[in-house]
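In the UniProt record's numbering, the protein residues as written are 1 to 787. Each residue gets a CB set at the ideal place from its N, CA and C atoms; glycine is no exception.
1) Cutting at 7 Å between CB atoms, please list the residues of its own chain near residue 154, excluding the five before and the five after it.
2) Look up residue 694 in the DSSP assignment and say whether it is helix, strand or coil.
3) Nearest-angstrom Cα distance between residue 574 and residue 654?
4) Looking at the secondary structure, which residues open and close the beta strand (DSSP E) in which residue 585 lies?
5) Here's a check: name, in chain order, each residue in its chain whose Cβ is nearer than 8 Å to the Cβ of residue 287, leaving out the five neighbours to either side.
6) May I ask you to report which of helix, strand or coil DSSP gives residue 202?
7) May I ask you to verify whether the segment 154–165 touches the segment 126–144, counting CB pairs closer than 8 Å and requiring at least 3?
8) Who pairs with residue 41 in a beta bridge, going by DSSP?
9) Quick one: is residue 723 buried, meaning 16 or more other Cβ sit within 10 Å of its Cβ, or exposed?
10) So within the segment 702–760, which uninterrupted beta strand (DSSP E) runs reach at least 3 residues, ignoring any that extend past its ends?
11) Which residues does DSSP pair with residue 603 in a beta bridge?
12) Quick check on the DSSP output: the beta strand (DSSP E) that includes residue 489 runs from which residue to which?
13) So, with DSSP's three-state summary, where would you put residue 424?
14) Contact check, residue 774 vs residue 579 under 8 Å by CB: the rounded distance?
15) Quick check: the Cα distance between residue 686 and residue 482, rounded to an integer number of angstroms?
16) Helix, strand or coil for residue 859? Go by DSSP, reduced to three states.
17) Let me know the secondary structure DSSP gives residue 445 once reduced to three states.
18) Note down the Cα distance separating residue 634 from residue 641, rounded to an integer number of angstroms.
19) Short check: CB of residue 746 to CB of residue 754, under 8 Å?
20) Can the beta-carbon of residue 529 be found less than 8 Å from the beta-carbon of residue 500?
21) Cα-Cα, which of 447, 776, 228 and 450 is closest to residue 756?
22) How far does the beta strand (DSSP E) with residue 118 in it reach, from first residue to last?
23) Could you tell me whether the segment 620–628 touches the segment 675–691, using the rule of 3 or more Cβ pairs below 8 Å?
24) Excluding the 5 residues flanking residue 553 on each side, which residues of the same chain have their C-beta closer than 6 Å to its C-beta?
25) Just mark residue 615 as buried or exposed, buried being the case when its beta carbon has 16 or more other beta carbons within 10 Å.
26) Roughly how many angstroms lie between the CA atoms of residue 64 and residue 212, to the nearest whole one?
27) Between the alpha carbons of residue 355 and residue 348, how many angstroms are there, rounded?
28) Can you tell me which of the three DSSP states residue 530 falls into?
29) Classify residue 56: buried if its beta carbon has 16 or more other beta carbons within 10 angstroms, exposed otherwise.
30) Counting only runs of 4+ residues fully inside the segment 319–352, write out the alpha helix (DSSP H) ranges in chain order.
31) Quick one: what does DSSP say residue 668 is sitting in, helix, strand or coil?
32) To the nearest angstrom, how far is it from the Cα of residue 789 to the Cα of residue 226?
33) Residue 141 and residue 103: beta carbons closer than 8 Å?
34) For residue 136, name the three-state secondary structure that DSSP assigns.
35) Take the Cβ of residue 592 as the centre, count every other Cβ of all protein chains shown within 10 Å, and call the residue buried at 16 or more, exposed below.
Given below as structure tokens:
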């Protein structure tokens with residue numbers, strides 16, 4: 001209903017433009033009873049003057065007669081045609097606006113028809129290129145009417161005359177499934193603007209008008225011939241189903257009817273052929289939309305999207321500077337043309353220097369403005385991105401995190417589906433059960449196409465493609481995918497490790513620039529998760545090799561505590577089991593004063609040798625700050641900035657750390673996306689502190705302290721997600737409920753015994769299966785109250 005309303009409003013606006021132009025251009029002055037172009041060629045006549053169509057009026061004689069006009073007198077005019085000079089007596093008459101509309105009824109109808117077809121393509125098929133083609137034709141018909149009837153609107157007439165040819169060239173690529181770079185549009189628009197400006201500024205020069213008009217005809221003819229030849233070539237070179245052949249034949253016939261055939265008719269020496277051009281063109285342009293719809297509907301019904309890119313910013317900047325230049329010229333022409341003629345070269349040089357100086361700042365300003373109004377001002381998208389940034393460090397399994405990420409993106413974009421395409425050969429060891437992933441052979445032509453394309457792939461742009469493009473189009477079309485967005489491993493350059501396959505929006509609308517920007521940010525998070533998930537499984541398979549690489553030295557720094565010191569009135573039990581020889585978990589238990597005990601537990605993304613070195617670096621940062629001031633928010637802020645600056649979002653870490661103060665029996669802690677601490681009260685009651693803050697290594701964050709009070713007999717448990725995400729031989733997960741039940745049933749035993757019981761229970765649950773993630777566990781027990 002909204003699309004119908006917008007189409008109706010567009011038609012009303014079209015009518016207002018027509019009516020306003022008619023009022024501004026019509027005149028009550030006497031004029032000749034036929035219509036001619038500014039170069040004197042008669043384009044439309046009726047009755048006894050019909051034979052003059054195609055002949056050329058002596059413009060000098062006409063201008064003299066206009067100044068001495070007398071509607072009661074007759075004048076003999078010279079007309080020049082292919083058979084030489086013709087002399088005919090013609091009277092000046094007064095033609096009403098109604099009569100003008102009647103004479104150009106077909107031109108106005110064609111303009112309105114093509115405008116309606118353009119609106120239909122835009123709202124119902126989302127085909128931008130064909131929408132522009134029909135919209136340009138509609139504008140050309142309208143301004144051709146004003147030009148022929150009133151010698152006005154020369155600038156838009158020439159602009160759309162030349163721009164039509166460029167659009168035909170663009171559509172010729174579009175019809176063969178070729179990608180059309182958005183940077184092409186800037187020089188096309190600029191060339192058309194220059195031609196229109198020259199034609200409008202010299203409209204009193206009939207020779208220049210004829211030169212531009214003739215070259216415009218040749219340019220449109222060349223564009224149509226190029227399109228026709230390309231379609232013929234691919235039709236015969238790649239014979240397909242008979243239906244596809246008919247569709248291409250209809251496109252060939254359509255472009256031939258509106259350019260090639262009328263050009264041939266205009267070159268015939270027979271005067272009757274010249275008289276037939278206008279009736280023929282009316283019929284041809286009435287049939288053309290039918291042929292275009294028939295020849296393109298198989299892919300036009302798939303919405304077309306244009307992705308936001310830096311090249312569009314450059315185009316916007318160039319257009320702004322171009323319009324400023326034209327506005328400046330127009331100002332000088334109207335204000336002081338003699339001054340412009342005298343200093344034309346200096347003005348051009350000055351403007352080039354100014355444009356070069358302001359182009360980069362203008363690009364930056366436009367980028368920030370578009371980014372703000374399309375993305376950052378959208379609370380739904382911005383909030384969703386913030387939630388997903390926290391989500392990737394949530395204390396749940398990687399499998400659940402990926403599923404939640406996909407679900408959140410689908411909700412934010414309101415799309416029908418979202419799947420992730422990955423090469424099966426590269427991720428052989430990755431368990432993808434219950435994840436919305438699609439595997440594809442690494443050596444298949446589909447994956448080869450995506451691996452070589454680092455930009456967004458729009459399904460409809462691949463329609464009528466040949467070879468690999470045709471295969472990719474069928475693959476995406478069968479999956480009902482609208483756009484495919486690559487996922488990169490930025491540590492290896494722009495290597496494609498997966499592809500987001502995004503379905504159509506539920507509303508069938510285009511994706512906005514903000515939604516495309518949001519999707520781009522989501523791919524960065526998804527790339528990080530997929531890469532770490534694959535590394536997690538792959539490193540487990542290669543654990544025996546990793547154990548031989550400097551294991552002993554790093555193991556002492558990452559798993560083993562050099563010396564366990566505890567304060568009075570507390571007992572501490574712990575264990576740490578690496579998934580490979582080197583742990584990606586960081587554990588520290590330190591006595592920082594006679595009354596204060598520090599517990600620090602962290603989980604680095606991935607594990608193995610690389611994570612071991614990262615844990616060592618984090619350990620160094622913590623020890624440095626503990627020597628200065630044991631304030632946990634400062635320590636977390638330092639670790640966060642180190643990860644951001646050193647790894648630029650490719651590595652992150654969850655962590656929980658707290659200080660138990662025996663003076664007031666409080667445990668003050670910071671939780672950065674880690675599993676929640678568990679408080680076991682003396683009678684066996686379980687309490688979870690689920691408050692959490694942003695994971696380390698994603699965005700700059702100010703961390704805050706939280707507090708829990710511990711009474712004598714209470715225990716506090718800290719653990720990494722490897723404990724609850726242990727899997728048995730049947731891929732059943734141990735889970736948080738099982739851990740809570742185990743702790744509640746055994747709340748009365750001491751801290752170290754409880755740690756040993758948890759470790760033994762997990763080992764029995766896995767039934768000697770190697771752990772898929774590092775396991776770390778700390779239990780702090782308060783034995784007595786100290787004053």
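According to the structure shown:
1) Position 154 of the chain shown holds residue 154. Within the same chain, residue 154 has close Cβ partners 147, 199, 200 and 203.
2) Taking the first residue of the chain shown as position 1, residue 694 is located at position 694. In the structure shown, residue 694 sits in coil (DSSP, three-state: anything other than H, G, I, E or B).
3) As a first step, residue 574 is located in the chain shown; it is residue number 574 there, counting from the start. As a first step, residue 654 is located in the chain shown; it is residue number 654 there, counting from the start. If I take the Cα positions, the gap works out to 19 Å.
4) Mapped onto the chain shown, residue 585 falls at position 585. Run containing residue 585: 585–593, per the beta strand (DSSP E) assignment.
5) As a working note, residue 287 is residue 287 in the chain shown. Counting only Cβ-Cβ distances below 8 Å, and skipping sequence neighbours, we find 254 and 257.
6) Residue numbering aside, residue 202 sits at position 202 when the chain shown is read from its first letter. Here residue 202 sits in coil by DSSP.
7) yes
8) As a working mapping, residue 41 is identified with position 41 in the chain shown. Paired residue(s): 56.
9) If you number the chain shown from 1, residue 723 lands on position 723. By the 10 Å Cβ count, residue 723 comes out buried.
10) 706–709 and 715–719
11) Residue mapping note: residue 603 aligns to position 603 of the chain shown, counting from 1. The partner list for residue 603 (beta bridge, DSSP) reads 585 and 654.
12) Counted from its first residue, the chain shown places residue 489 at position 489. 481–489 is the span of the beta strand (DSSP E), which, as asked, contains residue 489.
13) What you label residue 424 is simply residue 424 of the chain shown in a count that begins at 1. Three-state DSSP puts residue 424 in coil, outside helix and strand.
14) By 1-based counting over the chain shown, the position of residue 774 is 774. By 1-based counting over the chain shown, the position of residue 579 is 579. Correct: roughly 5 Å between the Cβ atoms.
15) For the purposes of this step, residue 686 is taken as the residue at position 686 of the chain shown. For the purposes of this step, residue 482 is taken as the residue at position 482 of the chain shown. Rounded to the nearest angstrom, the two C-alpha atoms are 49 Å apart.
16) The structure shown has nothing for residue 859, since the chain only spans 1 to 787.
17) Taking the chain shown and counting its residues from 1, the one referred to as residue 445 is at position 445. Helix.
18) Here the question's residue 634 lines up with position 634 in the chain shown. Here the question's residue 641 lines up with position 641 in the chain shown. C-alpha separation (whole angstroms): 11 Å.
19) As a working note, residue 746 is residue 746 in the chain shown. As a working note, residue 754 is residue 754 in the chain shown. Taking 8 Å as the Cβ cut-off, residue 746 and residue 754 qualify as a contacting pair.
20) Mapped onto the chain shown, residue 529 falls at position 529. Mapped onto the chain shown, residue 500 falls at position 500. The answer is no: Cβ separation not under 8 Å.
21) For this step, residue 756 is matched to residue 756 along the chain shown. For residue 756, the nearest C-alpha among the options comes from 776.
22) Counted from its first residue, the chain shown places residue 118 at position 118. Not the beta strand (DSSP E): residue 118 falls in the alpha helix (DSSP H), residues 105–120.
23) no
24) By one-based count along the chain shown, residue 553 stands at place 553. Here residue 553 scores only 43 on pLDDT, less than 50, and its place in the model is too uncertain to base an answer on.
25) Here residue 615 refers to the residue found at position 615 when the chain shown is read from its first residue. The residue in question, residue 615, is buried, as its Cβ has 16 or more Cβ neighbours within 10 Å.
26) Residue 64 sits at position 64 when you count from the first residue of the chain shown. Residue 212 sits at position 212 when you count from the first residue of the chain shown. Residue 64 and residue 212: Cα-Cα distance of roughly 26 Å.
27) Here residue 355 refers to the residue found at position 355 when the chain shown is read from its first residue. Here residue 348 refers to the residue found at position 348 when the chain shown is read from its first residue. The straight-line gap from Cα to Cα measures roughly 10 Å.
28) By one-based count along the chain shown, residue 530 stands at place 530. It is helical.
29) Taking the chain shown and counting its residues from 1, the one referred to as residue 56 is at position 56. So residue 56 counts as buried.
30) 337–342
31) Against the chain shown, residue 668 aligns to sequence position 668. Strand at residue 668.
32) Nothing about residue 789 can be reported from this structure: the residues present for the chain run from 1 to 787 only.
33) Here residue 141 is taken as the residue at index 141 of the chain shown, counted from 1. Here residue 103 is taken as the residue at index 103 of the chain shown, counted from 1. For residue 141 and residue 103, no; Cβs fall outside 8 Å.
34) Working through the chain shown from its first residue, we reach residue 136 at position 136. Note: residue 136 maps to helix in three-state DSSP.
35) Translated into positions along the chain shown, residue 592 becomes position 592. Looking at its Cβ environment, which holds fewer than 16 other Cβ atoms inside 10 Å, residue 592 is exposed.
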